[in-house]
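Residue numbers (full-length UniProt numbering): 1 to 176. Structure first, commentary second.
This is how it looks when you write it as structure tokens:
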């Protein structure tokens, strides 16, 4: 398991994607795609991110993030291809739509059971929000890593990510 200090280093960037500027974070996780998928879709294992209520088979659930449990919102499931692709749209705390894309592939390098995870969030045409959004996804993906490894996700502190990683994702940093 990586040391917690290693987890706090930003690994993503802002790239030009088909939907405009996009936060993209890639990770190789030491678990097979089927296990990683369970941590994305099973409400009992999703605690690294938050909780949801409702039946995903209906196309949407009510999702509450760990950092904003008092503000659950609708999460519309657009693509759900177990265990490789999940595309959802949810509302941020201000009600703006966030399109989130996660893909999982068996890693070509490393142990045969590793997973390459790619997270993408188009920024609705503006790079200006990247400095506020990117550190949050680094935080949540580090919590996912800790959960998969059997660690205490509550030991991952958002204050270690924001505002310290804000500059990494800002347009002036060159990653945006």
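The C-beta atom is built at its ideal place from N, Cα and C for all residues, glycine as well.
- Of the candidates 133, 114, 128, 115, 133 places its Cα closest to the Cα of residue 121.
- Between residue 33 and residue 106 the beta-carbon gap is near 6 Å, inside 8 Å, which marks them as a contact.
- Here residue 119 is near residue 25, since their CB atoms are less than 8 Å apart.
- Close CB contacts of residue 102 within its chain, under the 6 Å cut and outside five residues either way in sequence, are with 86, 119 (chain order).
- Counting along the chain, the unbroken beta strand (DSSP E) around residue 120 starts and ends at 115-122.
- Annotation for residue 132: the continuous alpha helix (DSSP H) segment containing it runs 130-148.
- By the neighbour-count criterion, in which a residue is buried when 16 or more other Cβ atoms sit within 10 angstroms of its Cβ, residue 36 is buried.
- Following the DSSP letters along the chain, one finds residue 34 inside the alpha helix (DSSP H) bounded by residues 33-41.
- Residue 52: member of the beta strand (DSSP E) spanning 50-53, first to last residue.
- Every beta strand (DSSP E) of 3 residues or more that sits fully in the region 43-114 is shown, in chain order, as 50-53, 60-65, 73-81, 85-91, 97-106.
- If you draw a straight line from the Cα of residue 59 to the Cα of residue 162, it is about 32 Å long.
- Taking a 10 Å sphere around the C-beta of residue 170, we find 16 or more other C-beta atoms and assign the residue as buried.
- Residue 80 holds the alpha-carbon nearest to the alpha-carbon of residue 40 among 67, 10, 54, 80.
- Under the three-state reduction of DSSP output, residue 14 falls in the strand class.
- Between residue 48 and residue 155, the C-beta gap is not smaller than 8 Å, which leaves the two residues out of contact.
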